[in-house]
Amino acid sequence: GGRPLSVLDIPELEGAEMPQPHEFLSATQKDGTQLQAKEIYAETWKWLKDVGVSSKVPSPLIERYAMSCARWIQCEEVTSKLGFLSKHPTTGKP
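Residue numbers for the sequence shown follow the numbering used here, beginning at -3 and rising by one.
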């Protein structure tokens, strides 16, 4: 559009140590494996720190991102292992 953009004045904050993620990000799953969200959280936080924006992104947001990525990976692994589990209701074909 033609609207002028407004620039937010965000003060510079000093870098901090990575906040500890919640334990549920590395919970043992029903199949006995560890959820990978804790590692994804640490990798994401390190990348944000390397590009200089770790202090501007709330840690709960990073946790949600890490959990979403971990569940996506978990779903892809199950799909690769078992194939698609749905069938057409009338033909019975996948």
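The beta-carbon is built from N, C-alpha and C at its ideal position, and this holds for glycine as well.
All values derive from a computational prediction rather than experimental measurement.
Minimum C-alpha distance to residue i - residue among the options
i     : options                         : result
Ala96 : Glu73, Arg(-1) and Ala66        : An answer regarding residue 96 cannot be provided, because it is not within the stretch -3 to 90 covered by the chain.
Leu44 : Met14, Leu4 and Lys26           : Met14
Pro56 : Lys77, Val47, Thr86 and Phe20   : Phe20
Gln25 : Gly(-2), Val74, His84 and Ser82 : Val74
Pro17 : Leu1, Ser2 and Ile58            : Ile58
Gly28 : Gln70, Pro85 and Ser76          : Gln70
Between the CA atoms of residue j and residue i - distance to the nearest angstrom
i     : j       : result
Ser82 : Trp68   : 18 Å
Lys89 : Glu72   : 21 Å
Leu4  : Ser22   : 36 Å
Thr40 : Gln30   : 18 Å
Pro54 : Ser76   : 34 Å
Lys42 : Lys52   : 13 Å
Phe80 : Gly(-3) : 43 Å
Leu78 : Val47   : 39 Å
Buried versus exposed, by CB contacts within 10 Å (16 or more), residue i
i     : result
Ser50 : buried
Thr86 : exposed
Would the stretch 31 to 48 and the stretch 61 to 80 be scored as touching if the rule is three or more Cβ pairs under 8 Å?
-> With a cut-off of 8 Å on Cβ pairs, the stretch 31 to 48 is in contact with the stretch 61 to 80, counting three or more such pairs.
Every unbroken alpha helix (DSSP H) within the stretch 8 to 77, with a cutoff of 4 residues, ordered by chain | 33 to 46
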